[in-house]
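Undergrad:
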Amino acid sequence: MLRFIVRRLIQVVPTLLLLSVLLFAWLRSLPGGPAAALLGDKATPEKIAELNTVLGLDQPIPVQYVKFLGRAITGDFGNSLITGEPVTTEIARALPATIELSVAALLIAVVLGIPLGYLAARYRGRPLDTTTIIGTLVGVAVPVFFLGYLLKQWFAVDLGWFPPSGRQAVDIEATHVTGFAVLDGLLTREFDASWDALTHLVLPAIALATIPLAVIVRITRASVLDVMGSDFVRTANSKGLAPGTVRQRHVLRNALLPVSTTIGLQTGLLLAGAVLTEKVFVWGGLGTLLAQAIERRDYPRLQAVVLLGALVYVLVNLLVDLSYAIIDPRVRVR
Amino acid sequence: MTSLLTRRRDKIDDLGGRSLTADALIRLRRNPVAIVGAVIVGLFVLVSIFAPLLAPHGPAEVFPELQRNLRPDSIPGALPGFPLGSDQNGRDFFSRLLLASRQTLFVGVFATLIGLVFGVLIGAIAGAFGGWVDTVLMRVTDVLLSIPSLLLAISIAALAARPSQTTVIIAVALVNVPIFARLLRGAMLAQRESDHVLAATSLGVRRGAIVVRHMLPNAMGPVIVQATLTLATSILDAAALSFLGLGDGDPARAEWGLMLANAQSYLDVRPALAFYPAIAIILVALGFTLLGEALREALDPKGRR
Amino acid sequence: MPTTRRLLAVIAAGALSVSLAACATSERGGDAQAGATGGTMVFGAAGAPKNFDPIFNDDGESFRPIRQMYDTLITYKPGTTELTPGLATAWESTPDGKQWTFTIREGVTFTDGTPLDAAAVCANFDRWANMQGDAAQSNMIYYADVFEGFKGNGGIYDSCQAASPTSAVMTLTKNKGAFPAAFGLTAFSISSPTALKQYDADNVTQSGDSFSYPAYATDHPTGTGAFKFESYDRTANTITLVRNDQYWGEKAKLDKLVFRVIPDENARKQELTAGTIDGYDLPSPADYASLKSSGQQVLIRDPFNVLYMGINTKNNPALRDLRVRQALAYAIDRQALVQTKLPEGAEVATQFMPQTVAGYAADVQQYPYDPQKAKDLLAQAGASNLTLNFYYPTEVSRPYMPNPTDIFQLIAENLRQVGITVNPVPRPWNGGFKDDVQTAGKQDLHLLGWTGDYNDAGNFIGTFFGREKPEFGAEDPAMYAEINAADANPDQAQKQAQYEQANRDIMAKYLPAVPISSSPPAIVVGPSIQGLVPSPLTDERFNTVSKTQS
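Residue numbers (the numbering used here), protein chains in the order written: chain D, 4 to 337; chain A, 27 to 331; chain X, 4 to 553.
(1) If Asp115(X) and Gln209(X) are in contact, beta carbons under 8 Å, what's the gap, nearest whole angstrom?
(2) Note down the Cα distance separating Ile414(X) from Leu154(D), rounded to an integer number of angstroms.
(3) Taking its Cβ as the centre, do 16 or more other Cβ atoms sit within 10 Å of Val238(A), making it buried, or is it exposed?
(4) Measure the alpha-carbon distance for Tyr457(X) versus Thr466(X) and round it to whole angstroms.
(5) Kindly indicate the opening and closing residues of the alpha helix (DSSP H) around Asp148(X).
(6) Look up Arg70(X) in the DSSP assignment and say whether it is helix, strand or coil.
(7) DSSP puts Lys259(X) in a beta bridge; with which residues?
(8) Val111(X) by DSSP, collapsed to three states: which one?
(9) Check distances from the C-beta atoms of the segment 108-137 of chain D to those of chain E and list, in chain order, the residues that come in under 9 Å.
(10) Counting only the same chain and skipping the five closest in sequence on each side, list residues whose C-beta sits under 6 Å from that of Asn546(X).
(11) What number of angstroms, rounded off, separates the C-alpha of Ala35(X) from the C-alpha of Pro297(A)?
(12) Note down, in chain order, all residues in the segment 403-432 of chain X with a beta-carbon under 8 Å from any beta-carbon belonging to chain A.
(13) With 7 Å set as the bound, which would you pick, yes or no: does the beta-carbon of Arg263(X) sit closer than that to a beta-carbon of chain D?
(14) Hey, Val283(D) and Phe158(D): beta-carbon distance below 7 Å or not?
(15) With DSSP run on the structure shown, which of helix, strand or coil describes Tyr292(A)?
(16) Enumerate in chain order the residues of its own chain whose CB-to-CB distance from Asn426(X) is below 8 Å, with the five nearest sequence positions on each side excluded.
(17) Does DSSP put Leu309(A) in a helix, in a strand, or in coil?
(18) Name the one or two DSSP bridge partners that Gly118(A) has.
(19) Which bits of chain D does Pro266(X) rub up against, with CB to CB less than 9 Å?
(20) Mind listing the chain D neighbours of Val45(X)? Cutoff is C-beta to C-beta under 7 Å, in chain order.
(21) With distances taken between CB atoms, is the gap from Ala258(D) to Phe7(D) smaller than 7 Å?
(22) Please report how far the alpha carbon of Ala183(A) lies from the alpha carbon of Gln295(D), in whole angstroms.
(23) So, helix, strand or coil for Met356(X), using DSSP?
(24) Do the CB positions of Ala377(X) and Tyr333(X) come within less than 7 Å of each other?
(25) Give the straight-line distance between the Cα atoms of Thr284(X) and Gln156(D), rounded to the nearest whole angstrom.
(26) Could you tell me the distance, in whole angstroms, from the CA atom of Ala245(A) to the CA atom of Tyr403(X)?
(27) Exposed or buried, Thr130(A), counting other C-beta atoms within 10 Å across all chains shown (16 or more means buried)?
(28) Does any residue of chain A bring its CB to less than 7 Å from the CB of Ala313(D)?
(29) Got a sec: which bits of the segment 66-100 of chain A sit with their beta carbon under 9 Å from any beta carbon on chain D, in order along the chain?
(30) Quick one: Cα of Gly84(A) to Cα of Glu268(X), how far?
(31) Is the distance from the Cβ of Ala489(X) to the Cβ of Ala505(X) below 7 Å?
(32) Could you check whether the Cβ of Gly213(X) sits closer than 7 Å to any Cβ belonging to chain D?
(33) My output table needs one value for Arg232(A): the three-state DSSP class, helix, strand or coil.
(34) Does Ala481(X) pass the burial test, meaning 16 or more other C-beta atoms within 10 Å, or should it be called exposed?
(35) From Thr243(X) to Arg263(X), what does the alpha carbon distance come to, in whole angstroms?
(36) Along the alpha helix (DSSP H) that carries Pro65(D), what are the first and last residues, could you check?
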């Protein structure tokens, strides 16, 4: 087991190294060269020359790369062109908001997705199945930013059920502890703050959840159908086991293996979806940072957020693999 | 998914009787999902081909009769000769909507095609040669796949000094390359050990010829399925780039994603300006997805049971 | 077995949350709501402020909160461009315009408790004139513009003496037409010298393109205004100000004034309609009708701005021909543009300043929409196949230009009609547009405009055409001389005549740009807000605002 974990961890290293090479190449191909891009439009030739020396751009490319890698590992991505603050500070401040939103979206996707997928498979070909399938296809086809606008307009403006955007009402005076608004309210017993944060969370979480929800439903359905057609289920049925027992013991448990992989993959993709969702809902997390960085061509921030996005994706996949190995011993042998 | 497809492919090769294509076509015709998808896609393609004939006016033409009653907070609706009324700038909304199908298809098809060609090339080389070539190419592909696609497209589009239709196509196409590369390589690997390839090899056919004549054609099924699905995501990704301000810089161009992005300020005045392009995008994405899913099912031997 | 595991997990999670709860305590002030009478107003801002030190700013989003916390020597009568006493109860200058004497208001204290006196006022002027290092390089746009540079570096500021605690005497090296109106600029707000020192206000450091500002500018702005700074929550992106109970003027009715940054225009509108904010600036004219129908109050400001299409003659020699520039003016259907894209009350601009400014000339050369004449002029100039790079801003809404993309499209289509090929170049307002256009001068044509800071012709045409600028390319010394002569003339009547002549010449002889329109920008507040006075200078003060408690 331990050996498998170590092996899998070592496998991540070349991926990360390659990722850094790509990022390095990306930086070098920025308009006007990396120094000019990192300094922004107001850069004077002297400042560019100065940064060129700092970045080592006057040295051979391999040396430059090693320097770049060193800075990346120590988390030094420079200062944001917009605020002048270190990019890492900004990211640290925005991270809880995005994590909160992603967790909420994932919860919605999993809690609704698995039962829906299972029911669709069980009633294959019936109206429930067809409706679900069509729903998932439409869900994937709707541009997230448009869906976000519609949700806001209907449920916040027209019906007034939820606040339209932001993370917390300004008159709530919440105490910040962890940065996770809902959790903070619980910890400090400011339950109204938790409730308020929760109501703010609903609409953006639904918008962000649509795509993972659709994918989870479809994978669950396919996987349940697969297992139901397999030999051991036929055996169990022919043994005369109660249908309920077969479904619970055999079908669901085995069908959930591929579903867990999908959940992992979708977690990694949430950050990308968050860019659009957060822009629409003025959420103030990483997505907002990124959207702003795109608008203002803030390359230091852009590079750091994209790298973080890729890193999260790689690590989540690693975790999925490892958890797979725990659930299913056969994986370890391979 | 890759491995799933290749496994299916092995089974397909074992089956006798009707040819795979014929069989798939029969099943497609019986599948209502496929029919709906095909109808949507067919209509879309037809409209985009004949758009210049169907559209009464040009995409950028401004009409005094539409401008006359145009105010910032009131946009004239249907008028004689202008079935859907004006857009926010006194142009014929109906013509723009029709002509946009062509631009949208253009972006989707080219982003997919470029991705497909390069992806297939890389995948074929990796799959055919194996060894260190395979390792290097697939490592790079994996890393590209490890960046969420929209983030990757954003990073590439942000490199452009001047956003244009070309930069959008390139950004989305590059995102598609690794997907096709992985897919094709999987399909090629699975065939390397298969009987018909072994037979060809034993007959002394050169490796290049085997790859092109025997392995590639057999791997095209999943590639076509993937291309159909990719068309849908490409159109959606392009719309997202427009929304983020990385889209085409010429606001006169009629393209659904761009029209949707530029109509954001008029959602209260005339929601149709945003809703119709949005619905068009949703329908087209849905059409390609339905068709792709149906194709996938049709090519799946399990469906033959 | 799974049950046991699940149980363990639940216990672990429970223990974790309990232990966390033990170390987290509410920081809520128990009596926060106790003395509340005036309520809280939440105003939706389009962008985050750069910082809160008045002198280091030049943009509306930073100035809006700053205005509420600070005062200037002279200020503007609410809703007008007229001057009225601020921290100075009276002011006068010598006939040559080189010496200004201010009578400082008595009994005013800064929010840190220190008194305002003549010495404090002089300390501020001395601080600006002698700024060193990165701080001087950072963002002192207004200072550089009005005072023409730092002391000993071309600046016109000489000294400031506190003759008595209530009398400050400032000496300049030459007359400047901008004064006394320019003393009302928000950038020249008076800070507490004690706080400036305590929070290290001059310690600005530059890293790359961005500047890091000291504590004074980020968390401790200290002025004499109707509100005082409470906090800037960078996570929630909100700036909280509270009423200054010691304010010398009309005390604020609100308890709290919160600025919440909401970059998305639709989101601002939806928040207001849903009642979660109480107002925002520059609503799109497209939304006026729907905002009004949902009970919001769209307050229209008097137009005090000009939108123009700039022409940069540096990159394309054809543009140096006056006939080509005139052709551009004839080609644009400005009437249609004003009618279809700008709010009611907007007008086609005949010159580069609004009618209410002294120096406006009624009889300038006109350029009515005439595409045929434009084509003829282009043909005469041998420029029938003109290709122009047209820069326009995105991600922004300006008081003079509510929807740049649409305005660009209309003008571009007009130009295409007369045979000009237009290359559209969109750039985000803060992400390169201003730099490309105003610093680098990469464009052939561009859209830009200006809202007057105070009522003075020099603030309009002087700012645009008073000196060589990359924005317009080639040098035109005759035009600069004409404008600057008017500015330096202390005689008001002569000055006005000179400016009128300058306007005629600009429109007939120079035509460095095409004036498009003057339009009334709006500010919108919810149904429960009263007392906000819209200002043509966008100089709204919130001390007069009250909120009906629901």
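Positions of the beta carbon are idealized from the N, C-alpha and C atoms, including for glycine. These numbers come from a predicted model, not from an experiment.
TA: Let me spell this out:
(1) Translated into the one-based positions of the third sequence, residue 115(X) becomes position 112. Translated into the one-based positions of the third sequence, residue 209(X) becomes position 206. A Cβ-Cβ distance of about 28 Å is found for the pair Asp115(X) and Gln209(X), leaving them out of contact under the 8 Å criterion.
(2) Counting from one through the third sequence, the residue named residue 414(X) turns up at place 411. Counting from one through the first sequence, the residue named residue 154(D) turns up at place 151. Computed Cα separation, rounded: 35 Å.
(3) Numbered from 1 along the second sequence, position 212 holds the residue referred to as residue 238(A). Val238(A) comes out exposed.
(4) Locating residue 457(X) in the third sequence gives position 454, counting from the first residue. Locating residue 466(X) in the third sequence gives position 463, counting from the first residue. Each residue's CA atom was taken as its position, placing Tyr457(X) and Thr466(X) some 12 Å apart.
(5) Here residue 148(X) refers to the residue found at position 145 when the third sequence is read from its first residue. Looking at the DSSP string, the run of the alpha helix (DSSP H) that includes Asp148(X) is 144-150.
(6) Counting from 1 along the third sequence, the entry for residue 70(X) is found at position 67. Looking at Arg70(X) - three-state DSSP - the assignment turns out to be helix.
(7) Position 256 of the third sequence holds residue 259(X). Under the DSSP definition of a beta bridge, Lys259(X) partners with Thr43(X), Val245(X).
(8) For the purposes of this step, residue 111(X) is taken as the residue at position 108 of the third sequence. The answer is coil: DSSP assigns Val111(X) none of H, G, I, E or B.
(9) Included in the structure are the protein chains D, A and X, with no chain E among them.
(10) Position 543 of the third sequence, counting from 1, holds the residue named residue 546(X). Within the same chain, Asn546(X) has close Cβ partners Ala229, Glu253, Ala255.
(11) Indexing the third sequence from 1 puts residue 35(X) at position 32. Indexing the second sequence from 1 puts residue 297(A) at position 271. Low confidence applies to Ala35(X): its pLDDT is 44, below 50, so where it sits in the model is not reliable enough to give any reading.
(12) Listed by position, the residues of the segment 403-432 of chain X near chain A (Cβ gap below 8 Å) are Pro405, Asn406, Thr408, Asp409, Phe411, Gln412, Leu413, Ala415, Glu416, Arg419, Pro427, Val428, Pro429, Pro431.
(13) Along the third sequence, one-based indexing puts residue 263(X) at 260. Taking Cβ atoms only, chain D reaches closer than 7 Å to Arg263(X), which makes this a yes.
(14) On the first sequence, position 280 is the one that residue 283(D) refers to. On the first sequence, position 155 is the one that residue 158(D) refers to. Result no, Cβ atoms of Val283(D) and Phe158(D) do not sit closer than 7 Å.
(15) In the second sequence, counting from the first residue as 1, residue 292(A) sits at position 266. Helix.
(16) Here residue 426(X) corresponds to residue number 423 of the third sequence, with the count starting at 1. Within its own chain, the residues whose Cβ lies closer than 8 Å to the Cβ of Asn426(X), once the five positions on either side in sequence are excluded, are Thr390, Leu391, Asn392, Phe393, listed in chain order.
(17) Looking up residue 309(A) in the second sequence gives position 283. For Leu309(A), the three-state secondary structure derived from DSSP is helix.
(18) As a first step, residue 118(A) must be located in the second sequence, where it is residue number 92. Note on residue identity: the sequence assigns Asp, not Gly, to residue 118(A). Beta-bridge annotation (DSSP): Asp118(A) is paired with Ser112(A).
(19) As a working note, residue 266(X) is residue 263 in the third sequence. Neighbours of Pro266(X) on chain D, chain order: Lys282, Val285, Thr291, Ala294, Gln295, Glu298.
(20) Residue mapping note: residue 45(X) aligns to position 42 of the third sequence, counting from 1. When 7 Å is used as the limit between beta carbons, Val45(X) is near these residues of chain D: Val173, in chain order.
(21) Taking the first residue of the first sequence as position 1, residue 258(D) is located at position 255. Taking the first residue of the first sequence as position 1, residue 7(D) is located at position 4. Contact: no.
(22) As a position in the second sequence, residue 183(A) is number 157, starting the count at 1. As a position in the first sequence, residue 295(D) is number 292, starting the count at 1. Rounded to the nearest angstrom, the gap between the Cα atoms of Ala183(A) and Gln295(D) is 15 Å.
(23) Numbered from its first residue, the third sequence carries residue 356(X) at position 353. Here Met356(X) sits in coil by DSSP.
(24) Within the third sequence, the letter at position 374 stands for residue 377(X). Within the third sequence, the letter at position 330 stands for residue 333(X). With respect to the 7 Å criterion, Ala377(X) and Tyr333(X) are classified as neighbours on the basis of their beta carbons.
(25) The residue given as residue 284(X) occupies position 281 in the third sequence. The residue given as residue 156(D) occupies position 153 in the first sequence. Correcting the residue identity first, residue 284(X) is Asp in this sequence and not Thr. One C-alpha to the other measures close to 21 Å.
(26) In the second sequence, residue 245(A) corresponds to position 219, counting from 1. In the third sequence, residue 403(X) corresponds to position 400, counting from 1. Looking at the two C-alpha atoms, the distance is approximately 59 Å.
(27) Translated into the one-based positions of the second sequence, residue 130(A) becomes position 104. Buried is the call here.
(28) Residue numbering aside, residue 313(D) sits at position 310 when the first sequence is read from its first letter. Ala313(D) counts as touching chain A.
(29) Taking 9 Å as the cut-off between beta carbons, none of the residues of the segment 66-100 of chain A comes near chain D.
(30) Counting from 1 along the second sequence, the entry for residue 84(A) is found at position 58. Counting from 1 along the third sequence, the entry for residue 268(X) is found at position 265. Rounded to whole angstroms, Gly84(A) and Glu268(X) show a C-alpha spacing of 30 Å.
(31) Translated into positions along the third sequence, residue 489(X) becomes position 486. Translated into positions along the third sequence, residue 505(X) becomes position 502. The answer is yes: Cβ separation under 7 Å.
(32) Residue mapping note: residue 213(X) aligns to position 210 of the third sequence, counting from 1. Rather than Gly, the amino acid found at residue 213(X) in this sequence is Ser. Ser213(X) belongs to the set of residues whose beta carbon lies under 7 Å from a beta carbon in chain D.
(33) For the purposes of this step, residue 232(A) is taken as the residue at position 206 of the second sequence. In the structure shown, Arg232(A) sits in coil (DSSP, three-state: anything other than H, G, I, E or B).
(34) Position 478 of the third sequence, counting from 1, holds the residue named residue 481(X). By the 10 Å Cβ count, Ala481(X) comes out exposed.
(35) Here residue 243(X) refers to the residue found at position 240 of the third sequence. Here residue 263(X) refers to the residue found at position 260 of the third sequence. Cα to Cα, Thr243(X) sits roughly 9 Å from Arg263(X).
(36) Indexing the first sequence from 1 puts residue 65(D) at position 62. Per DSSP, Pro65(D) belongs to the alpha helix (DSSP H) from 64-76.
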